[in-house]
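Take any residue in the sequence shown, count from 1 to its spot, add 2: that is its number in our numbering.
For every residue, glycine included, the Cβ atom is placed at its ideal position computed from N, Cα and C.
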Amino acid sequence: MERLLGTGEFARRSRLSVKALRLYERQGLLRPAWVDGANGYRRYREDQLTGARLVALLRRLDMPLVEVARIVAAPGTERADLLAGYWTRVEERITVQRGLAAHLRVVLSGGEGLMDMYRVEQREVPERVVLTEQRHLLQPELEDWILTARERLAKAAEPHGGAAAPHYVKYHGEVNEDSNGPAEMCYPIDAASPPAEFASRVEPAHTEVYVRLRKAQVVYPQILSAFDAVARWTEENGRSITDAPREVYFADWATSGPDDEVCDVAFPVA
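Below, the structure written as structure tokens:
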């Protein structure tokens with residue numbers, strides 16, 4: 003007969019605690035091969051050690067049990083890809099949290115170190131015709147609206163040759179959990195005058211000061227540090243803000259990683 007291992011020996015050899023074995027049994031992740039109906043003693047097969055050791059290693063990555071179960075149940079050829087996908091999400095989360103921690107340090111220190119986080123630059127922006135869409139909305143709705151508004155304006159721009167420059171979002175008022183802006187999506191096109199068939203206007207030529215952000219830095223609320231940095235630089239350098247601040251998106255958001263540069267926070271100035 004096949005030798006079965008008691009709970010203590012199985013726990014020692016699998017590098018899992020007895021408490022963990024009980025939890026994983028309740029979760030259906032690692033069931034004993036046999037349970038004595040009279041005294042509740044549990045026995046495991048020796049070939050279950052491989053799966054148990056895999057569970058132990060995955061849990062050392064702080065992997066949630068639902069993710070562990072998905073990998074353990076997957077065919078061997080898929081397990082490495084599932085692990086790689088999980089770890090990519092972990093690294094993206096850590097990158098975002100690192101940015102949030104930097105933002106909070108600045109907030110909690112009363113602004114100390116803010117200007118060390120960003121490099122403020124300046125550029126000239128020519129006059130251009132833009133298609134526009136404006137909405138009053140709160141911050142939780144903002145990201146979805148930016149994505150869908152860009153798609154609508156990109157379609158409207160097709161008869162005019164598509165985008166002539168990166169699209170941007172102007173903030174005519176604060177957008178947060180309590181204030182609803184409005185925000186305005188602007189999509190530059192190559193046209194001599196605003197087309198009549200869609201909301202549009204001419205944006206005048208101006209000077210912008212801006213900071214460039216990686217994708218992880220665009221996440222709310224840490225992006226507010228970038229707005230604060232540009233506003234402080236403007237004040238400290240004797241410049242005046244002449245129009246609403248904006249986020250200028252120059253990269254493909256969907257394919258960009260957390261460390262890729264995707265966006266400028268910009269203020270028109272005189």
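Would you list the residues sitting across from Lys-172 in a DSSP beta bridge? Answer is Glu-186 and Arg-248, bridged to Lys-172.
Is Arg-1 buried or exposed, if buried means 16 or more other CB atoms sit within 10 Å of its CB? Any question about residue 1 goes unanswered here, given that the chain covers just 3 to 272.
Sequence-distant residues of its chain with Cβ nearer than 6 Å to Pro-270 (five each side left out): So the qualifying residues of the chain are His-208, Glu-210, Thr-244 and Asp-245.
What number of angstroms, rounded off, separates the C-alpha of Ala-198 from the C-alpha of Pro-142? Ala-198 and Pro-142: Cα-Cα distance of roughly 32 Å.
How about Val-177: is its C-beta nearer than 8 Å to some C-beta of chain B? Within the model displayed, chain B is absent; a lone protein chain is all it includes.
Quick one: what's got a C-beta closer than 6 Å to Val-108's C-beta in the same chain, skipping five residues either side? Cβ neighbours of Val-108 beyond the five flanking positions: Gly-115, Leu-116 and Ser-227.
Could you check what DSSP says for Gln-50 in three-state terms: helix, strand or coil? In this structure, Gln-50 counts as helix in the three-state DSSP scheme.
Measure the CB-CB distance between Thr-134 and Ser-202 and report whether it falls below 8 Å. Result yes, Cβ atoms of Thr-134 and Ser-202 sit closer than 8 Å.
Which residue's Cα is closest to the Cα of Arg-33: Pro-223, Leu-60 and Gly-53? Checking every option, the nearest Cα to that of Arg-33 belongs to Gly-53.
Please return the same chain residues whose Cβ sits closer than 6 Å to the Cβ of Gln-29, not counting the five positions on each side in sequence. Excluding positions up to five away in sequence, the list reads Leu-67.
Under 8 Å: do the segment 36-55 and the segment 76-93 share three or more Cβ pairs, one atom per stretch? No: fewer than three Cβ pairs fall under 8 Å.
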